[in-house]
Amino acid sequence: MKITNQNQSYIDTKKHLDQYKKVQHQVSQSAKEHSVTVDISSTSKKIRQIETNDAFSKAERIAQIKSAIKSGTYSVSPDKIAHSIVESMKEQR
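Quick note: the sequence shown uses this note's numbering, first residue 4, plus one each step.
Shown next as structure tokens:
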């Protein structure tokens with residue numbers, strides 16, 4: 004009876020799989036060792052705080068305008084509107 008390498012493909016696949024797992028383990032260990040920490044500067048923190056406060060102020064102003072419109076006390080100044088339109092056109096040039 005002749006013995007052939009019928010299981011050779013299985014053995015090769017197993018070797019490649021073992022090598023792949025070993026490399027993956029090394030990569031994961033390397034990633035753990037080289038972790039990165041990011042600190043936000045105090046200036047960035049101040050900017051974020053200002054943006055948060057500004058957003059709150061805008062929301063508050065919008066609520067005031069909505070309330071004035073509902074109550075009928077909101078008045079529109081044609082002079083302010085005209086001035087804003089002219090300024091906007093100047094900026095576009």
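Yeah, the Cβ is synthetic: ideal placement off N, Cα and C, and Gly gets one too.
Check                                                                 : Outcome
For His-28, the three-state DSSP class (helix, strand or coil)        : helix
Under 8 Å between C-beta atoms of Ile-68 and Tyr-77                   : yes
DSSP three-state assignment for Gln-22, whether helix, strand or coil : helix
Start and end residues, alpha helix (DSSP H) containing Thr-76        : Counting along the chain, Thr-76 falls outside any alpha helix (DSSP H), and DSSP gives it neither H nor E.
Per-residue DSSP class, three states only, for Asp-42                 : coil
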